[in-house]
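Q: I have a structure here, written as structure tokens, and I will follow up with some questions on it.
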Amino acid sequence: MNLVAQDRITGLLSMRNRIEGAEAGILASFGMQDCRIRVQYEIRHVGP
């Protein structure tokens, strides 16, 4: 997270999820065995 201004914060969430074991083959057939997620976000203070 980065403080950009007194009322605003930006950030980046990065996560990787890898499935191993008996379910891996089933999930791999759907392209879901190794998932990567990146979310950019901005939080703004809008109250008084």
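Adding 429 to a residue's 1-based position in the sequence shown gives its number in the working numbering. Beta carbons are placed, not taken as given, at the ideal position from N, Cα and C, and that holds for glycine.
Kindly indicate which three-state DSSP category G460 falls into: helix, strand or coil?
A: Reading the sequence shown from its first residue, position 31 is the one you call residue 460. Coil, per DSSP.
Q: Between A451 and S443, what straight-line distance do the alpha-carbon atoms span, to the nearest angstrom?
A: Sequence index remark: in the sequence shown, residue 451 carries index 22 (1-based). Sequence index remark: in the sequence shown, residue 443 carries index 14 (1-based). C-alpha separation (whole angstroms): 26 Å.
Q: Looking at L441 and Q469, is the spacing between their C-beta atoms short of 9 Å?
A: Taking the first residue of the sequence shown as 1, we reach residue 469 at position 40. Taking the first residue of the sequence shown as 1, we reach residue 441 at position 12. Yes, these two residues count as a Cβ contact at 9 Å.
Q: Starting from A451, trace the beta strand (DSSP E) both ways and give me its first and last residue.
A: The residue you call residue 451 lines up with position 22 of the sequence shown. For A451, no beta strand (DSSP E) segment is defined, and its DSSP state is neither H nor E.
Q: Please list, in chain order, all residues of the same chain as C464 whose beta carbon is under 6 Å from its beta carbon, the five residues on each side excluded.
A: Counting from 1 along the sequence shown, the entry for residue 464 is found at position 35. The answer, listed in chain order, is N446.
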